[in-house]
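Chains as they are written, first to last, in our numbering: chain A, 3 to 128; chain B, 3 to 128.
Protein chains: 2
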Amino acid sequence: MLIGELAERAGTSARTLRYYEEHGLVEPRRDRNGYRRYDEGELRVVHEIRALLAAGFGIDDIRPFVACLRAGNATGHVCPDSVAVLRRKLAEVEEYLGRLTAVRDQLQGQLAQAIEERETRCLKIR
Amino acid sequence: MLIGELAERAGTSARTLRYYEEHGLVEPRRDRNGYRRYDEGELRVVHEIRALLAAGFGIDDIRPFVACLRAGNATGHVCPDSVAVLRRKLAEVEEYLGRLTAVRDQLQGQLAQAIEERETRCLKIR
DNA sequence: ACTTGCCTTGACGTCGGCGGTAAGGCCTAG
DNA sequence: CTAGGCCTTACCGCCGACGTCAAGGCAAGT
Numbered sequence: 003m004l005i006g007e008l009a010e011r012a013g014t015s016a017r018t019l020r021y022y023e024e025h026g027l028v029e030p031r032r033d034r035n036g037y038r039r040y041d042e043g044e045l046r047v048v049h050e051i052r053a054l055l056a057a058g059f060g061i062d063d064i065r066p067f068v069a070c071l072r073a074g075n076a077t078g079h080v081c082p083d084s085v086a087v088l089r090r091k092l093a094e095v096e097e098y099l100g101r102l103t104a105v106r107d108q109l110q111g112q113l114a115q116a117i118e119e120r121e122t123r124c125l126k127i128r
Numbered sequence: 003m004l005i006g007e008l009a010e011r012a013g014t015s016a017r018t019l020r021y022y023e024e025h026g027l028v029e030p031r032r033d034r035n036g037y038r039r040y041d042e043g044e045l046r047v048v049h050e051i052r053a054l055l056a057a058g059f060g061i062d063d064i065r066p067f068v069a070c071l072r073a074g075n076a077t078g079h080v081c082p083d084s085v086a087v088l089r090r091k092l093a094e095v096e097e098y099l100g101r102l103t104a105v106r107d108q109l110q111g112q113l114a115q116a117i118e119e120r121e122t123r124c125l126k127i128r
């Protein structure tokens, strides 16, 4: 499989796949002419990468998951290194959730106050 | 008040205040020698800006709040434009909260699954 | 031979809110 | 006169996951 086909099947771009390779997440063989040659398994790897990125992981966080998949595991998150990253990320997400919830409450409060104030003014005008 | 004093009183840097000015949030007068001269009210404006930034607003979102404050209102979020931005931002935050909650649940699930799998293997080994 | 359509490397652009530094002007105290 | 402590404009750097050229090589159909 050449890079274009993998890109299309994975729902992404060739540039993106080269980027992953540049950062050590994928290592295709090379044809005589220098073309990258991927085997079928890489499709799963790329899907895993994309899912983790979408979940907010950084490239460096993802490396252990890929290694775990390559080691023959059914999923990338069962190895100790992956679990450590999972724990850390979960903590980060929960902290961010807390802050974001506080922000939401504050916004709701300001909005309610603004509306109330407007109605007060309307009553005065009448 | 010169830029250094305002920066210190607002708990930020001169560079930051110039950045705000560059983006139309503050417009100090100029002394004969070109120095920026701020009056007392700008301290509140800068505090408002910082609070909104900390809440996740972008520079462009903040402009109406500043205008609202300058128009003589007690707070920057009572004017129609500000309220519109508040509504939009609240919607954004809530959507992001939803996605982040989904991510958290997924992470918790994967973590639980990984731990369960490990324990299963330990039982087998024994 | 020519066109089309893959592929390659390399390098710069993006977004946002500044930080940092250079090169220089202004003002005051010693 | 000079040192220092403000101020000015101007421009590069940062982070991360790519997008977007540019310039060229390779393979295959007509």
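For each residue, glycine too, the CB sits at the ideal point set by N, CA and C.
Within the same chain, show all residues whose beta-carbon is closer than 7 Å to that of residue i, passing over the 5 residues directly before and after it, in chain order.
i, result
"Val47 (chain A)", "Val28, Val68, Leu71"
"Ser84 (chain B)", "Pro66, Phe67, Cys70, Gly78"
"Gly6 (chain B)", "Ala16"
Could you please give the first and the last residue of the uninterrupted alpha helix (DSSP H) stretch that includes residue i?
i, result
"Gly58 (chain B)", "It is not in any alpha helix (DSSP H) - Gly58 (chain B) carries neither H nor E in the DSSP assignment."
"Tyr37 (chain A)", "Premise fails: Tyr37 (chain A) is in no alpha helix (DSSP H) and is neither H nor E."
"Gly6 (chain B)", "5–12"
"Ala16 (chain A)", "16–24"
Assuming residue i and residue j are in contact, meaning their beta carbons sit under 8 Å apart, how far apart are those beta carbons, in whole angstroms?
i, j, result
"Leu109 (chain A)", "Leu92 (chain B)", "5 Å"
"Gly58 (chain A)", "Val95 (chain B)", "In fact, because the Cβ distance is near 16 Å, the residues do not count as touching under 8 Å."
"Leu19 (chain B)", "Leu8 (chain B)", "6 Å"
"Ala116 (chain A)", "Leu88 (chain B)", "7 Å"
"Leu54 (chain B)", "Leu102 (chain A)", "Their Cβ separation, rounded to whole angstroms, is 15 Å, which puts Leu54 (chain B) and Leu102 (chain A) out of contact at 8 Å."
"Val80 (chain B)", "Glu119 (chain A)", "5 Å"
Going by DSSP, name the residue or residues bridged to residue i.
i, result
"Arg31 (chain B)", "B:Arg39"
Between which residues of its own chain and residue i is the CB-CB distance below 6 Å, once the five residues before and five after are set aside?
i, result
"Arg39 (chain A)", "Pro30, Arg31, Asp33"
"Ile61 (chain B)", "His25"
"Asp63 (chain B)", "Val87"
Looking at residue i and the ligand COA, is the gap between the Cβ and the nearest heavy atom below 7 Å?
i, result
"Arg90 (chain A)", "The ligand COA is absent from the structure shown, which contains no ligands of any kind."
Counting only the same chain and skipping the five closest in sequence on each side, list residues whose C-beta sits under 8 Å from that of residue i.
i, result
"Glu42 (chain A)", "Met3"
"Arg52 (chain A)", "Ala12, Gly13, Thr14"
"Glu23 (chain B)", "Glu29, Pro30, Arg38"
"His49 (chain B)", "Ala12"
Under 8 Å, CB to CB, which of the residues in the stretch 86–119 of chain B have a partner in chain A? Leu88, Arg89, Lys91, Leu92, Val95, Glu96, Tyr98, Leu99, Leu102, Thr103, Val105, Arg106, Gln108, Leu109, Gln110, Gln112, Leu113, Gln115, Ala116, Ile117, Glu119
Taking Cβ-Cβ distances below 7 Å as the criterion, which residues of the stretch 48–77 of chain B are in contact with chain A? Ala57, Gly58
Contact residues within the stretch 7–38 of chain A, judged by C-beta distance below 7 Å to chain B: none
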